[in-house]
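Residue 20 in our numbering sits at position 32 of the sequence shown, with consecutive numbering throughout.
Glycine is no exception: its CB is placed at the ideal position from the N, C-alpha and C atoms.
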Amino acid sequence: MNRLLPFIKWSGSKGSQAKAISAYLPDNFNTYYEPFLGSGAVLGWLRPENAVCADINKALIDLWRLIQKDPNKVINEYKNNWEKLQKSYKFFYKIRDKFNKEKSPHHLLFLSRTCVNGLIRYNKQGEFNNSLHYTRKGIHPDRLKKIIFDWSDRIQNCNFMAQDYRRATKKARKGDFVYLDPPYFNTKGRYFGTINFAEFVEYLSDLNKRGIKYALSYDGLRAENSYIVEIPKELYKRHLLLPSGNSTFKKVQDKKVEKVFESLYLNY
Ligand SMILES: C[S@@+](CC[C@H](N)C(=O)[O-])C[C@H]1O[C@@H](n2cnc3c(N)ncnc32)[C@H](O)[C@@H]1O
């Protein structure tokens, strides 16, 4: 199966490791659950017969639903906005203000494709605050169209939910599979939403009790520094370190490039 190009750039995307991660997933499962969906890089390697995909970010989930049900509308809206942006850069800031009031999924896509480095970044008040990428005013609608239609085709069997990870996986049973990619501790605040570590550990323990297989992506190594947050040993069977290319945050902030390895914990 070929990898799909991302339709949105997302902090913490597993784009560079999705192929390696998907190679460790069980061969068979009933329903696939991905409750920290983001841009769905791992989902992009799969064509699950049944899937429940969730994220706490409602505008993002609304966008996934629109891509599934009405990809033409998504691309037409993007094209309209993109054409206005080519005439005036001020249009970006008009849409940014609107997005922070209305949280339209169309505006989320437009902002992500036209902001600096595509980084969806929120301030403490939960407002999107990145600026326009002046020198590259957004992917051309004709190119984006193919990406959106490829995804639409791939996600027809997915049920999308704008919910907390625990509620989204409540109905999971033995025989189902859960892929987890929560916000990491040392990047807390950069993502939309945070999770409580103790509650998350309890959740993993509950998945084990319910006999549900999971794979968990978590922080690992950056250059010589270990960012490994100890997941209690009784909760998993294997801990792998997968190369994930270079650190985007470091690259943007310090103009330095560092090798990064990320953890993958498997309870099978
Ligand atoms: C590391 S990112 C996931 C990246 C994704 N794997 C990808 O390839 O783009 C973590 C995601 O968890 C979401 N999130 C944060 N808190 C959450 C919660 N309590 N329940 C569900 N999703 C949450 C964030 O909105 C963010 O999209």
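Between ligand 1 and the CB of PHE165, the shortest heavy atom gap is not smaller than 7 Å.
DSSP places ARG(-9) in the coil class of the three-state scheme, outside both helix and strand. Here the C-alpha atom of SER232 lies approximately 15 Å from the C-alpha atom of TYR253. In this structure, ligand 1 has a non-hydrogen atom nearer than 7 Å to the beta-carbon of LYS2. Ligand 1 has a heavy atom closer than 7 Å to the beta-carbon of TYR153. With a threshold of 16 other beta carbon atoms within 10 Å, TYR256 falls short and is exposed.
Burial check for GLY199: the Cβ neighbour count within 10 Å stays below 16, so the residue is exposed. Within its own chain, the residues whose Cβ lies closer than 7 Å to the Cβ of THR102, once the five positions on either side in sequence are excluded, are LEU73, PHE80, LEU120, HIS121, LYS125 and GLY126, listed in chain order.
For ligand 1, no non-hydrogen atom lies closer than 7 Å to the CB of ASP194.
Between SER10 and VAL30, the CB-CB gap stays under 8 Å.
In this chain, the beta strand (DSSP E) harbouring LEU168 covers 165 to 168.
Judged by DSSP in its simplified three-state form, PRO14 adopts coil rather than helix or strand.
The C-beta of ASN18 has fewer than 16 other C-beta atoms within 10 Å across all chains shown, which makes the residue exposed.
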